[in-house]
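Visitor: Using this note's numbering, the letters of the sequence shown correspond one by one to residues 56 to 379. No residue lacks a Cβ here, since even glycine has one placed at the ideal position from N, Cα and C. Quick one: this structure, given as structure tokens, is what I'll be asking you about.
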Amino acid sequence: MAASLPMLNPPLHTRERRSLGGLFPHNSLAVLRPFVERAVDRLLTEFTDQLRHGPADFHTLVSEELPIITIGEWMGIPAADYGLLRDLTHDQVFAQELFPTPSQLALSDNATRQLRDYFSELIRARRRTPGSDPISVWLRTWDELEPDRRRADEAVHALALFMILAALETTSHVLSTSVRLLLQYPEQLESLRRNPELVPDAVDEVLRYDAPIHMISRVASTDTRLGDTVVPAGQMVQLMVGAAHHDPERYPDPERFSPGRGASHLAFGAGIHYCAGNALARLEAVTLLTSLLSRSIRPRLSGPARWAPRVAFRRISSLQLTLA
Numbered sequence: 056m057a058a059s060l061p062m063l064n065p066p067l068h069t070r071e072r073r074s075l076g077g078l079f080p081h082n083s084l085a086v087l088r089p090f091v092e093r094a095v096d097r098l099l100t101e102f103t104d105q106l107r108h109g110p111a112d113f114h115t116l117v118s119e120e121l122p123i124i125t126i127g128e129w130m131g132i133p134a135a136d137y138g139l140l141r142d143l144t145h146d147q148v149f150a151q152e153l154f155p156t157p158s159q160l161a162l163s164d165n166a167t168r169q170l171r172d173y174f175s176e177l178i179r180a181r182r183r184t185p186g187s188d189p190i191s192v193w194l195r196t197w198d199e200l201e202p203d204r205r206r207a208d209e210a211v212h213a214l215a216l217f218m219i220l221a222a223l224e225t226t227s228h229v230l231s232t233s234v235r236l237l238l239q240y241p242e243q244l245e246s247l248r249r250n251p252e253l254v255p256d257a258v259d260e261v262l263r264y265d266a267p268i269h270m271i272s273r274v275a276s277t278d279t280r281l282g283d284t285v286v287p288a289g290q291m292v293q294l295m296v297g298a299a300h301h302d303p304e305r306y307p308d309p310e311r312f313s314p315g316r317g318a319s320h321l322a323f324g325a326g327i328h329y330c331a332g333n334a335l336a337r338l339e340a341v342t343l344l345t346s347l348l349s350r351s352i353r354p355r356l357s358g359p360a361r362w363a364p365r366v367a368f369r370r371i372s373s374l375q376l377t378l379a
């Protein structure tokens, strides 16, 4: 993971980031939006049918499904492979935890090997039959940047793996956490029902209140002073975003969930490392909440959310809802 886009500094980062192009410009989102809306409508309809028979797991049935359906459609991945990629991603990100156990690292290593094999085969397939999908576009871009085809394929492989890892774990957390927090704060929920135009602000407050990534790793490219601390060149620094988002000097009453807060946050990073897929994640979250709030059903929590044992990548493993 040290060679992946989030961990690179210029000039390597500059080259990698430019090869992505404008990842989700307005015209690309305009094409994806109807697809996302249809997927949301289908998933919520199926979830509602489950609710009528008793408690149902919103996280498994909706939040885990929407991100892989969306990114899979965008990247041209066969739908039959969605479940495999989702499961492998859950295991792979243990390598990016603060204190992974040996067993967690073993799971991550195995998942990484399988993901590497999967995307290597996908890249070979796109070499044989190129199209207009992002992987085919990245291959054409890197063939111009890198005369060594093996290195070009390695670069595209890193981008494809990065997009899957970044899109699935983080977005599913935002979707479930949005619903969890609104059900825990019914006055905010009813306010959004009356004012659905405020849903984007609510998503930003979710990202501040419980960001999908609570820790960001960075490597100092030069000797750097942060406050009273000198960080030598090459030293890794762990930025505790979750704590920063609850700093009372920056956010008054930070433990209060307030969708109207209108404050900025670091959930998507900042500067040259600002999340390339933030627009797609926002589209999924806003579309899902808007559709859920417009429906006649009134779900409620049937128990506390269950969490995976993580520090960096937050992950709800189950969010059981029932009809009020």
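(1) Taking residue 352 as the reference, which of 244, 255, 369 and 122 has the closest Cα?
(2) Just tell me which of 228, 297 and 363 has its CA closest to the CA of residue 121.
(3) For residue 159, name the three-state secondary structure that DSSP assigns.
(4) So, for residue 197: in the same chain, excluding its five sequence neighbours on each side, which residues have a beta-carbon less than 7 angstroms away from its beta-carbon?
(5) Do you know how far the Cα of residue 131 is from the Cα of residue 334?
(6) With the cut-off set at 9 angstroms, would you say residue 290 and residue 275 are in Cβ contact?
(7) Under three-state DSSP, which class holds residue 59?
(8) Where does residue 226 land, buried or exposed, given buried means 16+ other C-beta within 10 angstroms?
(9) For residue 316, which beta-bridge partners are listed by DSSP?
(10) So what's residue 431 in DSSP terms, helix, strand or just coil?
(11) Three-state secondary structure (DSSP) at residue 180?
(12) Could you check if residue 288 is buried or exposed, using at least 16 other CB atoms within 10 Å of its CB as the buried criterion?
(13) For the alpha helix (DSSP H) that residue 255 lies in, which residues bound it at each end?
(14) What is the DSSP secondary structure of residue 85, counted as helix, strand or coil?
(15) Taking contact to mean at least 3 C-beta pairs separated by less than 8 angstroms, is the region 235-242 in contact with the region 296-307?
(16) Using the Cα positions of residue 169 and residue 129, report the straight-line distance between them to the nearest angstrom.
Guide: According to the structure shown:
(1) Your numbering for residue 352 matches position 297 in the sequence shown. Check the Cα spacing between residue 352 and each of 244, 255, 369 and 122: the tightest is with 244.
(2) The residue given as residue 121 occupies position 66 in the sequence shown. Out of 228, 297 and 363, the CA that lies nearest to the CA of residue 121 is found in 228.
(3) On the sequence shown, residue 159 is found 104 positions in, with the first residue counted as 1. Correct three-state label for residue 159: helix.
(4) On the sequence shown, residue 197 is found 142 positions in, with the first residue counted as 1. Result list for residue 197: 74, 207, 210 and 211, in chain order.
(5) Residue 334 sits at position 279 when you count from the first residue of the sequence shown. Residue 131 sits at position 76 when you count from the first residue of the sequence shown. Each residue's alpha carbon lies about 19 angstroms from the other.
(6) Here residue 290 is taken as the residue at index 235 of the sequence shown, counted from 1. Here residue 275 is taken as the residue at index 220 of the sequence shown, counted from 1. Taking 9 angstroms as the cut-off, the beta carbon of residue 290 is found closer than this to the beta carbon of residue 275.
(7) Taking the first residue of the sequence shown as 1, we reach residue 59 at position 4. In the structure shown, residue 59 adopts coil according to DSSP, grouped into three states.
(8) On the sequence shown, residue 226 is found 171 positions in, with the first residue counted as 1. With 16 or more neighbouring CB atoms inside 10 Å of its own CB, residue 226 falls in the buried class.
(9) Counting from 1 along the sequence shown, the entry for residue 316 is found at position 261. Beta-bridge pairing links residue 316 to no other residue.
(10) No information on residue 431 is available, as it lies outside the stretch 56 to 379 that the chain covers here.
(11) As a working note, residue 180 is residue 125 in the sequence shown. Helix.
(12) Counting from one through the sequence shown, the residue named residue 288 turns up at place 233. Taking all protein chains shown into account, residue 288 has fewer than 16 neighbouring C-beta atoms within 10 Å of its C-beta and is therefore exposed.
(13) Along the sequence shown, one-based indexing puts residue 255 at 200. Looking at the DSSP string, the run of the alpha helix (DSSP H) that includes residue 255 is 254-264.
(14) Indexing the sequence shown from 1 puts residue 85 at position 30. Correct three-state label for residue 85: helix.
(15) Counting Cβ pairs under 8 angstroms, fewer than three are found: no touch.
(16) Start at 1 with the first residue of the sequence shown, and residue 169 comes out as number 114. Start at 1 with the first residue of the sequence shown, and residue 129 comes out as number 74. Roughly 21 angstroms between the two C-alpha positions.
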